[in-house]
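Have a look at the structure below before the remarks.
Numbering (the UniProt record's numbering), first residue to last: 1 to 464.
Printed below as a string of structure tokens:
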């Protein structure tokens, strides 16, 4: 998808990609070789792979970028296709249109109706995932290596030749409505969704599922118009990883996508401040607390310092939030922080769920820990975090789905591939001094807050 989040354990499972050591030459005029901007890479850990060579990165004439990472020892292969069709492209009166369009695209495509499409994917053993983020729609699939090209062909139909059957619009709408209601039924999810809406200006903080009122007003013409405007090869990114032959895959991509005509150029987006309320009433014995503060995006040179600081704050059972808020004081059943980064903005989001009786103390202690982070981290905290990160990087290398997604996301954020070897080197280079220097320059002092529960809470100084 269009954003990267450091998970609540502090280990970023979607951060980077491993790469092959062999190469393949360009063959035809459909693709323009793109320069690989990561030629100067830090020393590599021996078990985390080499950078993707430039020969595995090509751009079709219509704009679609193909990135490949062959892994001959694997038996599976996966791809991740990112398209510029996220919810930030919804008109404000049509919140949920991007999500509904994605749902309708799966209801028949090419020469397959809805049932045949699902059956053919299942017959190939495809594990699939489709989603809509703020900036992009994502279509991902993993299968056996021999079924990769067939699965890619089906998804080419999905994104290029969807049926958009008008008689299935209400069924598609019902799926989207269920998604909205499922969030409403989970107060923790609702809180964090509304916190993002308040912290980022619209459209960057929008929930992708939209709103019931606008979703109920959408027509099949709206869906078709959104598809025609947003779906095309311009800014499209296709990452492929696993056991596959590069020449076969690039030939197939040429055949499937080479004549796809680019969609219209993107129009400028006007930002609008989000809601300013800090309390949502909710009849319950529980209270839910959300705090957010600004950070730096993935492409920033000091991103790893920011990311590791959040890992110390919320990185497992030895993290500060777990120790101070839950273990020592027993204030809550859940507490975590995560670093969310879009292409040119980022924020740290913190959540705590507790009883109504202990909500004020939970807010005060959690806020104090966030502020204390600005005083710096300890060497032993960083050492524990590094051990967890290295373990996560090794496990990530073994997942073709993770690799394919990382290839596409890295290109979106960096315009290059950041191999796991580079990530490993950057993690090795982290010191308490470098992190503390970053925190001294960027202390968490200004917060956006939102609470949900039976009564409002008193907000600490610097929180709004």
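Glycine included, each C-beta is placed from N, C-alpha and C at the ideal position.
In chain order, each beta strand (DSSP E) run of at least 3 residues that lies wholly inside the segment 312 to 392: 332 to 341 and 346 to 355
Contact check, residue 78 vs residue 142, beta carbons under 7 Å: yes
Contact check, residue 374 vs residue 301, beta carbons under 7 Å: no
Exposure of residue 354, with buried meaning 16 or more beta-carbon neighbours within 10 Å: buried
Where the alpha helix (DSSP H) through residue 445 begins and ends: Unbroken run through residue 445: none, as it is neither H nor E.
Residue 288 beta carbon less than 7 Å from that of residue 343: no
Best match in 423, 431 and 106 for proximity to residue 118 [C-alpha to C-alpha]: 106
Inter-residue spacing [alpha-carbon to alpha-carbon] between residue 362 and residue 325: 7 Å
Nearest-angstrom Cα separation, counted from residue 295 out to residue 234: 29 Å
Own chain residues within Cβ distance below 7 Å of residue 183, not counting five before or after: 189, 190, 193 and 209
Contact set for residue 464: own chain, Cβ-Cβ below 6 Å, skip 5 residues either direction: none
Classification of residue 317 by the beta-carbon crowding that lies within 10 angstroms, buried from 16 upward: exposed
Terminal residues of the beta strand (DSSP E) in which residue 59 lies: 57 to 60
Under 7 Å between C-beta atoms of residue 89 and residue 230: yes
Runs of alpha helix (DSSP H) lying entirely within the UniProt domain "Peptidase M16 N-terminal" (71 to 196), each at least 4 residues, in chain order: 97 to 105, 114 to 123, 148 to 160 and 169 to 184
The segment 98 to 105 touching the segment 218 to 228, judged by at least three CB pairs closer than 8 Å: yes
Per DSSP, the bridge partner or partners of residue 248: DSSP lists no partner for residue 248.
Contact under 7 Å by Cβ, residue 438 with residue 293: no
Sheet register partners of residue 280 (DSSP bridge): 452
The segment 60 to 68 touching the segment 252 to 270, judged by at least three CB pairs closer than 8 Å: yes
Residues that residue 288 bridges to, as DSSP identifies them: 353 and 452
Endpoints, the alpha helix (DSSP H) within which residue 423 is located: 420 to 429
N- and C-terminal bounds of the alpha helix (DSSP H) containing residue 435: 432 to 441
Residues of its chain near residue 219, where Cβ-Cβ distance is below 8 Å and the 5 sequence neighbours each way are ignored: 169
Residue of 322, 186 and 416 minimising C-alpha distance to residue 453: 186
Outcome for residue 174 when other beta-carbon atoms lying within 10 angstroms are tallied against a minimum of 16: exposed
Cβ shell of residue 109 (< 7 Å), same chain only, five flanking positions each side left out: 117, 157, 158, 161, 162 and 163
The segment 365 to 385 contacting the segment 119 to 128, beta-carbon criterion three pairs below 8 Å: no
Reduced DSSP secondary structure (H/G/I, E/B, other) of residue 417: coil
Pick from 72, 111, 139 and 75 that is closest to residue 82, judged by C-alpha positions: 139
Host alpha helix (DSSP H) of residue 220 (start-end): 220 to 230
Residue environment, residue 348, which counts as buried when at least 16 other CB atoms sit within 10 Å: buried
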